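Asker: One structure coming up, written as structure tokens, with questions to follow.
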Amino acid sequence: MITAKVIGDSYYLDKYENPHRVTTLELEYPRYIHSELGTHRVFSRNSASSRAIPIEKMIELLETNPVVPEWTLNQKGMSGEKVTDEQVIADASKEWDEARKDMITRVRKLMALGIHKQNANRLLEPFQHIKTIITGTDWQNFYNLRISEAAQPEMRKLAVKIRAAIEESTPYALKENQVHLPYIDCPMGLNATKSILKSVALCAQVSYRKEDGSEETVKRIINRLLSGDRIHASPFEHICIPDPESTQGNLKGFTQLRHCVEHWKRFCLLPDNPDYYECLVATGKKLWNY
């Protein structure tokens with residue numbers, strides 16, 4: 037199963053009437069092509085983690101929605117012609133499925149030994165679909181490289197679905213001081229801090245394939261992302277505001293919340309053991325001026 041769904045789409049016109057569009061999508065695809073998507077540095081990404089998903093949940097996903105490759109013939113080079121012989125396809129799929137069952141058995145044995153999911157789940161990754169949130173402003177080079185006969189078939193199919201989803205989507209026109217917010221029905225103003233942080237938390241939850249927008253969950257996730265001396269900043273990258281002069285980050289024509297939060301945490305005077313969620317809510321619109 038390979039899918040691409042738009043979960044946030046915004047644009048604005050700069051003072052020269054040039055359009056700037058930012059689009060966020062939720063993707064699902066075979067994990068074995070994940071590294072190919074990761075080579076495109078123009079995108080911000082968050083993905084489901086083998087370290088975060090319980091072993092039994094991972095096994096359930098493999099039993100209900102396993103990956104089966106699009107089989108290609110062995111030949112020189114990185115690309116192979118698609119297999120058309122139905123018997124070869126059936127035999128190859130059978131061998132792949134036997135390997136999947138064998139790995140599930142071995143992972144359950146590791147689990148019985150008390151081995152952590154961050155180790156045991158690795159054996160299941162070739163047979164797993166991965167869920168990813170991706171945000172970008174510049175897609176053409178990605179299309180050029182991945183919608184190509186030289187691309188791996190699964191990667192090509194994903195790129196085709198991404199392009200189709202973007203072409204079929206109608207972006208919201210951002211007004212002054214409005215924010216691009218994935219998973220939120222429409223853009224909101226800079227003062228809508230709770231909605232902004234909810235968008236961040238929903239993007240972060242892709243790590244364990246859940247969606248919970250309750251304030252209690254959002255607060256817990258934001259505090260975890262910012263706790264102590266560290267900052268898990270990538271979920272903040274998908275949230276952004278129009279800025280044709282911006283030179284930071286990988287979204288052209290936009291300022292990403294990540295850079296505002298990093299600056300805020302570094303230079304803002306915070307109390308000892310702060311509740312970061314409440315501090316950000318209290319900061320409100322001023323956060324974007326840091």
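With my numbering applied, the sequence shown corresponds to residues 37 to 326, in that order.
We treat Cβ as the ideally placed atom computed from N, Cα and C, and that holds for glycine.
All figures in this text were calculated on a predicted structure; none of them were measured in a lab.
Could you check what DSSP says for K93 in three-state terms: helix, strand or coil?
Answerer: One-based indexing of the sequence shown puts residue 93 at position 57. Note: K93 maps to helix in three-state DSSP.
Asker: Quick one: measure Cβ to Cβ for A84 and K167, integer angstroms, because I've assumed they're closer than 8 Å.
Answerer: Here residue 84 refers to the residue found at position 48 when the sequence shown is read from its first residue. Here residue 167 refers to the residue found at position 131 when the sequence shown is read from its first residue. Their Cβ separation, rounded to whole angstroms, is 5 Å, which keeps A84 and K167 in contact under 8 Å.
Asker: Assuming I258 contacts L233 under a Cβ cut-off of 8 Å, what Cβ separation, rounded to an integer in Å, is found between them?
Answerer: Indexing the sequence shown from 1 puts residue 258 at position 222. Indexing the sequence shown from 1 puts residue 233 at position 197. Yes, they are in contact, since the Cβ atoms of I258 and L233 sit about 5 Å apart, within 8 Å.
Asker: Taking contact to mean at least 3 C-beta pairs separated by less than 8 Å, is the stretch 158-177 in contact with the stretch 277-290?
Answerer: Yes, they touch.
Asker: Which same chain residues, not among the five before or five after P189, have their C-beta less than 8 Å away from its C-beta?
Answerer: Locating residue 189 in the sequence shown gives position 153, counting from the first residue. So the list reads E106, T108, K118, once near-sequence residues are dropped.
Asker: Quick one, which of A240, A126, T253 has its alpha-carbon nearest A88's?
Answerer: What you label residue 88 is simply residue 52 of the sequence shown in a count that begins at 1. Ranking the options by Cα distance to A88, first place goes to A240.
Asker: Roughly how many angstroms lie between the CA atoms of L316 and W300, to the nearest whole one?
Answerer: What you label residue 316 is simply residue 280 of the sequence shown in a count that begins at 1. What you label residue 300 is simply residue 264 of the sequence shown in a count that begins at 1. Taking the straight line joining both Cα atoms gives about 9 Å.
Asker: Hey, could you find the ends of the beta strand (DSSP E) I268 is sitting in?
Answerer: In the sequence shown, residue 268 corresponds to position 232, counting from 1. Reading off the sequence shown, one finds His at residue 268, where the question assumed Ile. Taken as a continuous stretch (DSSP letters only), H268 belongs to no beta strand (DSSP E), as it is neither H nor E.
Asker: Quick check on DSSP: helix, strand or coil for F79?
Answerer: Within the sequence shown, residue 79 is the residue found at index 43, counting from 1. Of the three classes helix, strand and coil, the one that applies to F79 here is coil, per DSSP.
Asker: Tell me whether M114 sits in a helix, a strand or coil according to DSSP, three-state version.
Answerer: Start at 1 with the first residue of the sequence shown, and residue 114 comes out as number 78. Note: M114 maps to coil in three-state DSSP.
Asker: Rounded to a whole number of angstroms, what is the C-alpha to C-alpha distance between R294 and E53?
Answerer: Taking the sequence shown and counting its residues from 1, one reaches residue 294 at position 258. Taking the sequence shown and counting its residues from 1, one reaches residue 53 at position 17. The alpha-carbon atoms of R294 and E53 are separated by roughly 27 Å.
Asker: Answer with buried or exposed for D45, where buried requires no fewer than 16 other C-beta atoms within 10 angstroms of its C-beta.
Answerer: Along the sequence shown, one-based indexing puts residue 45 at 9. With 16 or more other Cβ atoms within 10 Å, it is buried.
Asker: Do A135 and V143 have their beta-carbon atoms positioned less than 7 Å apart in this structure?
Answerer: Residue 143 sits at position 107 when you count from the first residue of the sequence shown. Residue 135 sits at position 99 when you count from the first residue of the sequence shown. Contact flag unset, no.
Asker: Return the residue from the list M114, P278, S243 that minimises the CA-CA distance to L30.
Answerer: Here the chain covers residues 37 to 326 and nothing more, so residue 30 does not appear.
Asker: Keeping to the same chain, check which residues put their C-beta closer than 6 Å to that of E99; ignore five residues upstream and five downstream.
Answerer: Taking the sequence shown and counting its residues from 1, the one referred to as residue 99 is at position 63. The answer is none, since no qualifying residue turns up.
Asker: Keeping to the same chain, check which residues put their C-beta closer than 8 Å to that of I183; ignore five residues upstream and five downstream.
Answerer: Walking along the sequence shown from the start, residue 183 turns up at place 147. If we look at I183 and ignore the five residues flanking it on each side, its Cβ neighbours are R192, A195, V196, R199.
Asker: According to DSSP, simplified to helix, strand and coil, what is Q214?
Answerer: Here residue 214 corresponds to residue number 178 of the sequence shown, with the count starting at 1. Here Q214 sits in strand by DSSP.
Asker: Pick helix, strand or coil for G320, following the three-state DSSP scheme.
Answerer: The sequence position of residue 320 within the sequence shown is 284, counting from 1. G320 falls in the helix class under three-state DSSP.
Asker: Take Y48 and list the residues in its own chain whose beta-carbon comes closer than 6 Å to its own, dropping the five residues that flank it on each side.
Answerer: The sequence position of residue 48 within the sequence shown is 12, counting from 1. The residues are H56, L210, P278.
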